[in-house]
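Peer 1: Going line by line, the protein sequences match chains H and D.
Under our numbering, the first residue of the first sequence carries the number 7, and numbering increases by one thereafter.
Under our numbering, the first residue of the second sequence carries the number 5, and numbering increases by one thereafter.
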Amino acid sequence: DTGVSQNPRHKITKRGQNVTFRCDPISEHNRLYWYRQTLGQGPEFLTYFQNEAQLEKSRLLSDRFSAERPKGSFSTLEIQRTEQGDSAMYLCASSETLGNYGYTFGSGTRLTVV
Amino acid sequence: AQSVTQLGSHVSVSEGALVLLRCNYSSSVPPYLFWYVQYPNQGLQLLLKYTSAATLVKGINGFEAEFKKSETSFHLTKPSAHMSDAAEYFCAVSDTNAGKSTFGDGTTLTVKP
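Next up, the structure:
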């Protein structure tokens with residue numbers, strides 16, 4: 007297993023455009039998480055899935071953000087009508103359902119909105 | 005509700021000196037606690053975890069952390085710092101098994117030769 011894979015690594019987009027990121031978790035992991043990290047801050051929770059079910063979504067998350075995990079494997083995070091404040095590192099992580107062994111993180115997708 | 009406070013956004017030690025990174029948590033239920041490390045230009049990597057089996061937890065690269073319920077703390081230590089320990093360290097708390105975690109703002113560790 008190659009770990010958690012995120013694509014693209016970097017994305018530069020103009021304000022108002024839509025962007026989509028992809029995350030491929032470790033294949034044995036049922037849970038998949040999205041976090042956002044800005045400079046000087048710790049990762050901030052966005053949403054998480056168990057298999058294809060979205061179990062929780064941050065109340066801080068705008069309606070412009072949507073995430074899917076249609077077949078319980080890879081996940082996509084879409085941001086519509088991007089704003090400069092969306093510029094951040096978007097992190098994906100996966101874990102097993104039981105045992106709380108902690109997360110395995112991907113390397114992240116760095117979004118820059120110009 | 006759960007929260008984490010990491011005291012000291014920057015810590016600097018000399019090579020060979022003790023490393024102490026502080027973390028205090030708040031949780032309404034017995035917590036799961038974690039330390040992650042982030043090396044420059046890399047993703048976060050799990051360093052160690054507390055899941056109520058033992059209060060002193062040993063992790064990778066010689067790090068360990070002690071869970072102290074009375075102090076609501078989970079400080080990270082290493083007896084002797086190495087240059088390769090220079091990184092950003094994040095403490096995290098979860099109040100459910102494999103649920104969402106809340107992260108602190110991180111502590112950047114600098115190791116001086």
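Cβ coordinates follow ideal geometry from the N, Cα and C atoms, glycine included.
The model shown is predicted, which means the values in this text are computed figures rather than measured ones.
#1: Name the two residues that bound the continuous beta strand (DSSP E) containing D/Glu75.
#2: Residues in the region 72-90 of chain H with C-beta within 9 Å of chain D's C-beta atoms, listed in sequence order?
#3: Quick check on DSSP: helix, strand or coil for D/Gln49?
#4: Report the option in D/Cys95, D/Asp99 and D/Pro35 whose CA atom is closest to the CA atom of D/Thr111.
#5: Go ahead and pull the three-state DSSP assignment for D/Ser89.
#6: Spell out whether any CB of chain H is found under 7 Å from the CB atom of D/Lys53.
#7: Considering only the alpha carbon of each residue, which of D/Trp39, D/His14 and D/Pro35 lies closest to D/His79?
#8: Give a yes or no on whether the C-beta atoms belonging to D/Gln42 and D/Glu92 are separated by under 7 Å.
#9: With distances taken Cα to Cα, identify the nearest neighbour of H/Glu89 among H/Thr110, H/Gly22 and H/Leu117.
#10: Can you find the residues in the same chain that come closer than 7 Å, C-beta to C-beta, to H/Pro76, ignoring five residues on each side of it along the sequence?
#11: Since H/Phe80 is in the beta strand (DSSP E), which residue starts that stretch and which ends it?
#12: Run down chain H in chain order and give the residues with a C-beta less than 8 Å from the C-beta of D/Gln46.
#13: From H/Leu67 to D/Glu19, what distance separates their C-alpha atoms?
#14: For chain D, check one thing: does any of its Cβ atoms lie closer than 7 Å to the Cβ of H/Tyr54?
#15: Taking C-beta to C-beta, are D/Val61 and D/Asp89 nearer than 7 Å?
#16: Check each residue of the region 12-43 of chain H: if its Cβ is closer than 9 Å to any Cβ of chain D, include it; give the result in chain order.
Peer 2: So, from the listed chains and residues:
#1: In the second sequence, counting from the first residue as 1, residue 75 of chain D sits at position 71. It is not in any beta strand (DSSP E) - D/Glu75 carries neither H nor E in the DSSP assignment.
#2: Correct list: empty, as no residue qualifies.
#3: Locating residue 49 of chain D in the second sequence gives position 45, where the first residue counts as 1. DSSP places D/Gln49 in strand when its eight states are reduced to three.
#4: Indexing the second sequence from 1 puts residue 111 of chain D at position 107. For the options D/Cys95, D/Asp99 and D/Pro35, the alpha carbon positioned closest to that of D/Thr111 is the one of D/Cys95.
#5: As a first step, residue 89 of chain D is located in the second sequence; it is residue number 85 there, counting from the start. One point to set straight first is that residue 89 of chain D is Asp, not Ser, in the sequence displayed. Residue state, collapsed to three classes: helix.
#6: For this step, residue 53 of chain D is matched to residue 49 along the second sequence. Interface residue, yes.
#7: Looking up residue 79 of chain D in the second sequence gives position 75. The residue among D/Trp39, D/His14 and D/Pro35 with its C-alpha nearest the C-alpha of D/His79 is D/Trp39.
#8: Counting from one through the second sequence, the residue named residue 42 of chain D turns up at place 38. Counting from one through the second sequence, the residue named residue 92 of chain D turns up at place 88. Yes; because the gap between Cβ atoms is below 7 Å, this pair is in contact.
#9: Residue numbering aside, residue 89 of chain H sits at position 83 when the first sequence is read from its first letter. H/Gly22 is the residue among H/Thr110, H/Gly22 and H/Leu117 whose C-alpha sits nearest the C-alpha of H/Glu89.
#10: Start at 1 with the first residue of the first sequence, and residue 76 of chain H comes out as number 70. Cβ within range, chain order: Glu58.
#11: For the purposes of this step, residue 80 of chain H is taken as the residue at position 74 of the first sequence. Following the DSSP letters along the chain, one finds H/Phe80 in no beta strand (DSSP E), marked with neither H nor E.
#12: As a first step, residue 46 of chain D is located in the second sequence; it is residue number 42 there, counting from the start. Within chain H, the residues whose beta carbon sits less than 8 Å from that of D/Gln46 are Ser113, listed in sequence order.
#13: Translated into the one-based positions of the first sequence, residue 67 of chain H becomes position 61. Translated into the one-based positions of the second sequence, residue 19 of chain D becomes position 15. Their Cα atoms are separated by approximately 42 Å.
#14: Within the first sequence, residue 54 of chain H is the residue found at index 48, counting from 1. Among the CB atoms of chain D, one or more fall inside 7 Å of the CB of H/Tyr54.
#15: Looking up residue 61 of chain D in the second sequence gives position 57. Looking up residue 89 of chain D in the second sequence gives position 85. Here D/Val61 is not near D/Asp89, since their CB atoms are 7 Å or more apart.
#16: From the region 12-43 of chain H, only Gln12, Asn36, Arg37, Tyr39, Tyr41 and Gln43 have a Cβ closer than 9 Å to chain D.
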